[in-house]
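In the working numbering, the protein residues as written are 3 to 251. Beta carbons: idealized from backbone N, C-alpha and C, even for Gly. Below: the structure, in structure tokens.
In structure tokens:
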């Protein structure tokens with residue numbers, strides 16, 4: 003009886019898949035460009051701020067739309083295999099479908115966290131150079147660290163949500179449309195209606211966040227925002243894993 007492939011080897015294989023497709027590098031380049039340009043512009047037009055975390059929050063503006071690229075990356079990491087038929091080879095090598103999906107998720111999250119952390123440092127640098135704040139914008143400021151840490155966490159969660167929806171729907175267009183619709187389109191639409199029911203529904207939807215602030219969505223605390231987004235991530239990923247295990251390829 004053959005032994006199971008070590009999980010580290012599965013992760014290495016998934017990283018090889020991710021880095022050898024052009025869509026990964028297109029998403030990466032656009033993510034860096036959108037967030038970097040948005041960060042520099044946001045810091046440049048914010049001439050002064052009362053606190054360091056406010057200055058950094060302005061520089062993180064590019065993440066509002068930039069996280070769309072994280073969603074695209076996460077979806078394509080899953081759906082491209084179903085589109086090309088490579089999933090058959092993957093499942094032959096790794097019959098444990100849950101392990102395969104977990105490895106894909108680890109790779110997407112690791113790449114997203116690395117990119118987002120580097121971009122957050124760039125945004126902090128832009129804020130520290132272009133926005134006047136009494137006392138400066140030290141990286142060790144608790145408010146600054148909170149903004150940057152939350153941005154990394156939210157981007158990582160958006161990536162996992164995309165992986166879950168990609169596994170659930172097995173369609174690039176369908177999964178991207180569902181994720182962007184729920185996170186970027188529905189929240190402002192519900193805000194416009196200005197009814198109590200719409201506001202309650204909007205608070206239950208995941209939303210892109212810029213630091214500790216929601217992006218084009220109902221105002222919520224960062225704690226509530228993380229809980230809601232986390233709940234959607236757990237639900238979509240778990241349901242995707244269950245259906246992946248039960249469906250035929």
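Item                                                                                                                                                                                : Value
Using a Cβ-Cβ cutoff of less than 7 angstroms, which residues in the same chain neighbour residue 17 once the five nearest sequence positions on both sides are dropped?            : 109
With residue 93 as the anchor, note down where its alpha helix (DSSP H) starts and where it stops.                                                                                  : 88-95
Thinking just about the alpha-carbon of each residue, which of 218, 209 and 64 is nearest to the one in residue 226?                                                                : 209
Which of helix, strand or coil does DSSP assign to residue 172?                                                                                                                     : coil
State buried or exposed for residue 3, treating a residue as buried only when at least 16 other CB atoms are found within 10 Å of its CB.                                           : The predicted position of residue 3 is uncertain, since its pLDDT is 38 and thus under 50; a value taken from the coordinates is nonetheless stated next. It counts as exposed.
For residue 100, collect the residues of the same chain with a Cβ closer than 7 angstroms to its Cβ; drop the 5 residues on either side in sequence, then sort them by chain order. : 243 and 247
For the candidate residues 50, 194, 140 and 111, whose alpha-carbon lies nearest to that of residue 127?                                                                            : 140
My parser needs the alpha helix (DSSP H) runs of 4 or more residues fully inside the region 143-190; what are they?                                                                 : 144-171 and 174-182
Only counting the same chain, and skipping five residues up and downstream in sequence, which positions put a Cβ closer than 8 angstroms to that of residue 77?                     : 164, 165, 167, 168, 174, 177, 178 and 181
For residue 241, collect the residues of the same chain with a Cβ closer than 8 angstroms to its Cβ; drop the 5 residues on either side in sequence, then sort them by chain order. : 166 and 170
How long is the line joining the alpha carbons of residue 214 and residue 94, rounded to whole angstroms?                                                                           : 43 angstroms
In or out: residue 187 buried (at least 16 other Cβ within 10 Å) or exposed?                                                                                                        : exposed
Please determine, among 28, 58, 207 and 86, the residue with the shortest C-alpha to C-alpha distance to residue 121.                                                               : 58
Would residue 65 and residue 199 be called neighbours here (beta carbons separated by less than 8 angstroms)?                                                                       : no
Should residue 231 be labelled buried (16 or more other beta-carbon atoms within 10 Å of its own) or exposed?                                                                       : buried
Under 6 angstroms Cβ to Cβ from residue 105, same chain only, skipping five residues before and after it: list those, please.                                                       : 12, 13 and 16
What is the DSSP secondary structure of residue 3, counted as helix, strand or coil?                                                                                                : The predicted position of residue 3 is uncertain, since its pLDDT is 38 and thus under 50; a value taken from the coordinates is nonetheless stated next. Coil at residue 3, not helix or strand.
Counting only the same chain and skipping the five closest in sequence on each side, list residues whose C-beta sits under 6 angstroms from that of residue 146.                    : 54, 55 and 58
So for residue 53, helix, strand or coil by DSSP?                                                                                                                                   : coil
With burial defined as no fewer than 16 other Cβ atoms inside 10 Å of the residue's Cβ, what is the status of residue 220: buried or exposed?                                       : buried
Which residues does DSSP pair with residue 211 in a beta bridge?                                                                                                                    : 216
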